[in-house]
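Structure, as structure tokens:
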Ligand code: UDP
Ligand code: MG
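In our numbering, the protein residues as written are 249 to 586.
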């Protein structure tokens with residue numbers, strides 16, 4: 249029997265420390281949490297002997313975030329500060345951050361310390377055991393509204409059903425990735441990015457590490473309901489065209505109903521019962537109008553995305569970069585992806 253399984257599908261323990269590590273932290277109006285974040289990062293960095301860089305991406309903040317991270321970068325050699333030209337959104341800021349990293353392993357964290365850096369040693373242990381993606385999975389979520397939890401619960405179940413892609417439950421973007429996985433992820437240059445779905449899509453060896461998610465350390469959430477809803481729409485439209493099939497299903501269902509209706513009305517007419525028409529005509533017009541506009545709207549979502557993808561604008565624009573902590577380490581080897 250010939251062995252056709254490529255070698256990389258077998259998980260081989262690495263049993264060593266990474267050559268270097270990068271942390272990616274998107275920050276949008278996070279001035280209240282930055283001092284504590286910096287303190288916790290200093291603690292983490294002092295624990296390890298291999299070089300570490302922390303890439304802080306200022307996603308077009310309007311508060312003091314940029315001056316603060318800019319000066320941190322000058323004082324702490326391990327910090328690289330990147331300012332985007334404007335607010336591009338969380339998922340794009342992560343993408344920019346990943347593009348800037350040089351480490352052999354990369355960890356994505358939120359700035360608000362809801363993704364505790366103290367979990368990184370445990371994640372690194374799984375990497376040593378040969379996993380390429382190690383994600384943080386929440387056992388408990390403190391300080392999040394019931395509606396947000398319900399929305400998340402419903403979304404992941406619906407998404408899994410219609411997109412046929414398993415995104416691990418109760419995860420955010422908190423994860424550690426091997427360079428190979430980062431390269432795979434970064435080779436997907438789609439505009440509307442649902443990073444945690446894309447990470448599931450690339451495969452490789454993935455593993456969860458459980459933790460209790462604390463409350464945001466300070467400040468307020470940068471994800472109001474509206475943004476979460478848009479992220480959910482991006483997630484669905486970029487992983488499945490199932491909603492487009494809705495049109496066919498709705499069409500078939502309406503035809504079936506209409507057919508039944510005709511049979512009933514004709515039968516009643518034959519036995520001498522007839523209805524005045526106005527109400528039923530109005531009902532039919534409104535129902536069909538509603539269904540048609542909904543279907544058009546769904547179609548529009550996809551057409552709009554094709555339009556934006558067709559423009560081929562860059563995903564983001566960088567305004568300024570300060571610091572290059574891993575300048576003296578070898579650049580990461582590129583992994584080819586067909
Ligand atoms: N964030 C960002 N750009 C945005 C919105 C949010 O970079 O437009 C960052 C934010 O600074 C934080 C992370 O994304 O580091 C997650 O945001 P947040 O903690 O407010 O979301 P929540 O935990 O409430 O879902
Ligand atoms: Mg948060």
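We put the CB at the ideal spot given by N, CA and C, even for glycine.
Only a predicted model underlies this, so the values are computations on that prediction, with no experimental measurement involved.
If you drop the 5 nearest sequence neighbours on each side, which residues of the same chain put their C-beta closer than 8 Å to that of residue i?
i	result
residue 254	Unreliable positioning characterises residue 254 in this predicted model, as indicated by a pLDDT of 49, which lies under 50. The coordinate reading is nonetheless provided below. Excluding sequence neighbours, residue 254 sits near nothing in its chain.
residue 582	431
residue 222	As shown, the chain starts at 249 and ends at 586. That puts residue 222 outside it, with no answer to give.
residue 457	367, 370, 371, 374, 382, 383, 384 and 385
residue 296	265 and 269
residue 395	473
If the criterion is Cβ atoms closer than 8 Å, does the pair residue i and residue j meet it?
i	j	result
residue 425	residue 353	yes
residue 444	residue 421	yes
residue 570	residue 461	no
residue 498	residue 543	yes
residue 335	residue 276	yes
residue 360	residue 467	yes
residue 261	residue 298	no
residue 416	residue 459	no
residue 502	residue 536	yes
residue 328	residue 321	yes
residue 401	residue 476	no
residue 527	residue 411	no
residue 427	residue 580	yes
residue 529	residue 423	no
So, helix, strand or coil for residue i, using DSSP?
i	result
residue 422	strand
residue 525	coil
residue 536	helix
residue 543	helix
residue 352	coil
residue 287	helix
residue 388	strand
residue 310	coil
residue 434	helix
residue 357	coil
residue 329	strand
residue 459	strand
residue 567	strand
residue 443	helix
residue 274	strand
residue 258	coil
residue 583	coil
residue 560	coil
residue 282	helix
residue 454	strand
residue 320	helix
Relative to the C-alpha of residue i, which candidate in the options has its C-alpha closest?
i	options	result
residue 337	314, 305 and 366	305
residue 376	449, 505, 454 and 310	454
residue 485	385, 552 and 340	552
residue 440	327, 568, 343 and 356	343
residue 332	325, 341 and 326	341
residue 500	539, 556 and 314	539
residue 567	287, 301, 506 and 314	314
residue 562	438, 541 and 573	438
residue 418	284, 387 and 408	387
residue 482	508, 560, 428 and 556	556
Would you please verify whether the beta carbon of residue i is less than 8 Å from any beta carbon of chain D?
i	result
residue 403	As a matter of chain content, chain D is missing from the structure shown, which is built from one protein chain.
For residue i, I'd like the list of residues in its chain whose CB is within less than 6 Å of its CB, leaving aside the five on either flank, ordered along the chain.
i	result
residue 319	none
residue 480	403
Beta-carbon within less than 7 Å of residue i's beta-carbon, same chain only, minus the 5 sequence neighbours each way: which residues are those?
i	result
residue 316	279 and 282
residue 325	573
residue 470	276 and 277
Worksheet item: Using 8 Å as the Cβ pair cut-off and three pairs as the minimum, do the segment 263-277 and the segment 340-349 touch?
Response: yes
Worksheet item: Counting Cβ pairs closer than 8 Å, one from the segment 488-495 and one from the segment 528-548, do we hit at least three?
Response: yes
Discussion item. When you compare the segment 304-319 with the segment 366-380, are there three or more beta-carbon pairs, one atom per stretch, that lie closer than 8 Å?
Written reply: no
Practice prompt. Flag this pair as touching only if the segment 285-293 and the segment 363-372 have three or more C-beta atom pairs under 8 Å; answer yes or no.
Written response: yes
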